[in-house]
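Letter 9 of the sequence shown, counting from 1, is numbered -1 in our numbering, and no numbers are missing.
Here a beta-carbon is modelled for each residue, glycine too, at the ideal position from N, C-alpha and C.
To start, the structure under review is shown below, and the notes come after it.
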Amino acid sequence: MTKQRIVLTGGGTAGHVTANIALLPGLREEGYEVYYIGSYQGIEKTLMAEQGVPYTGIATGKLRRYFDIKNFSDPFRVIKGYFEAKKALKSIRPSIVFSKGGFVAVPVVYAAHSLHIPVVTHESDMTPGLANRLCLKYAEKICCNFPETLEKLPKDKAVLTGDPIRAMLLSGDRAEGLRMNGFDGTKPVLMIIGGSLGSVAINQAVRASLPEILKTFDVIHVAGKGHLDETLEGTPGYKQYEYIGDGLQHLYAAADLLISRAGANVICEILALKKPNILIPLPLDASRGDQILNAQSFEKQGFSVVLDQHEIEKEPEKLLESIRTTYENRGKYIKAMEEAQEESGADQVLRVIDSVVKGKEKI
-9 MTKQRIVLTG GGTAGHVTAN IALLPGLREE GYEVYYIGSY QGIEKTLMAE QGVPYTGIAT
51 GKLRRYFDIK NFSDPFRVIK GYFEAKKALK SIRPSIVFSK GGFVAVPVVY AAHSLHIPVV
111 THESDMTPGL ANRLCLKYAE KICCNFPETL EKLPKDKAVL TGDPIRAMLL SGDRAEGLRM
171 NGFDGTKPVL MIIGGSLGSV AINQAVRASL PEILKTFDVI HVAGKGHLDE TLEGTPGYKQ
231 YEYIGDGLQH LYAAADLLIS RAGANVICEI LALKKPNILI PLPLDASRGD QILNAQSFEK
291 QGFSVVLDQH EIEKEPEKLL ESIRTTYENR GKYIKAMEEA QEESGADQVL RVIDSVVKGK
351 EKI
């Protein structure tokens, strides 16, 4: 029996790739041959190489809402990427394309449509991003995380699945996480995640209060590529990383409190892990506001404390105060997350993919 083939796509940040990684075990168990189409040198290329997935790079152009000189050249890169994706899809001959979004995915989805290959997309945020909006009419089904998102999507296509969570994140070992960082376990652990690209604002606020923080906590700081502070290397109780792949589950297991951006993938991981957390979403002047909506939803449900980035830039001590009070009240956040009983959306997404491949009309 010939195996079904699936092409995964999505990229730009790790958040657009981790959900695809979460699907890999299930896809392979169901007998799919998995391929990936992404940008030439994006983070998705590295992450897929680690997973042993055959990879094809294409030209990509960023979709910007602001003036940039590249706005004049990038449309030509997207067109080039479309033809490169079409060539790759003709060679692979997949049964379906699954898109996690990001500007990388647009030419792949358009190419799949032109070849009559069905497409399933996944929207992590409460409101669809520009790349996903451009792909909506070409998708057979659109998976999403939030009930509120269903109202913003075509009724005949939208399916509430939740976010695929990497199973390995749920199997971390606290003792191993402490060992990795040289901590002895006598202090609670504060973990900071600024996203795969890092956050200068969060990094600066944390480091401004680091001497005070270290009086109470050991600190794991995932600062983002190029954002390590060499002057802090060797500081007792402080361990910094540019990015963490292998071993992330152990760091999560060691953490007693998390500070994070509010990208949908990472906050769904935090919810699945039931970790008390402080969310600092990207502000409106640096985003379309999706992280603010994500954070507000989690705050409303009692899962998170939300801080305004501009406030902590002006007054870093507000972050320190929030760390103290959130940790003191950690029990109520854990209880709220436990009552939510959220699970990984991987099985639900796989069911949607399988249904589309088999040509079923009902999900």
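With a contact defined as Cβ atoms closer than 8 Å, Ser89 and Thr(-1) qualify at about 5 Å. For Phe288, the enclosing alpha helix (DSSP H) has its first and last residue at Asp280 to Lys290.
Annotated as proximal: Arg(-5) and Pro84, with beta-carbon spacing under 9 Å. With fewer than 16 other Cβ atoms inside 10 Å of its own Cβ, Val190 counts as exposed. Proximity of the region 293 to 300 to the region 265 to 283 meets the contact definition, three or more beta-carbon pairs being nearer than 8 Å. Nearest to His300 by C-alpha distance, out of Ala276, Glu311, Glu19 and Arg320, is Ala276. Taking the Cβ atoms as the reference, Asp246 lies roughly 4 Å from Pro178, within the contact range of under 8 Å. Per DSSP, reduced to three states, the secondary structure at Ser85 is coil, with no helix or strand assignment. Taking a cut-off of 8 Å for Cβ pairs, the region 155 to 164 and the region 133 to 140 do not touch, as fewer than three such pairs fall below it. Rounded to whole angstroms, the Cβ separation of Val209 and Tyr228 is 5 Å, and the two are in contact under 8 Å.
When the Cα atoms are used, Lys348 and Ile313 turn out to be separated by approximately 50 Å. The beta carbon of Val68 is closer than 6 Å to those of Gly51 and Pro97 in its chain, skipping five residues each way along the sequence. Per the Cβ contact rule, the region 195 to 204 is not in contact with the region 146 to 160 (fewer than 3 Cβ pairs under 8 Å). DSSP lists Ile48 as the bridge partner or partners of Ser29. Counting along the chain, the unbroken beta strand (DSSP E) around Thr111 starts and ends at Val109 to Glu113. In this structure, the CA atom of Lys76 is about 16 Å from the CA atom of Cys125. Per the C-alpha coordinates, the member of Gly2, His6, Phe73 and Ala326 positioned closest to Gln291 is Ala326. Around the beta carbon of Asp174, a 10 Å sphere encloses fewer than 16 other beta carbons of the protein chains shown; the residue is thus reported as exposed. For Tyr100, the three-state secondary structure derived from DSSP is helix. Between Ile48 and Ala4, the gap from beta carbon to beta carbon reaches 9 Å or more. Looking at the DSSP output, Glu23 sits in a beta bridge with Arg(-5). Per DSSP, the continuous alpha helix (DSSP H) segment holding Ser345 begins and ends at Ala336 to Val347. Of the candidates Tyr72, Arg123, Val256 and Asp337, the residue whose Cα lies closest to the Cα of Ile183 is Val256.
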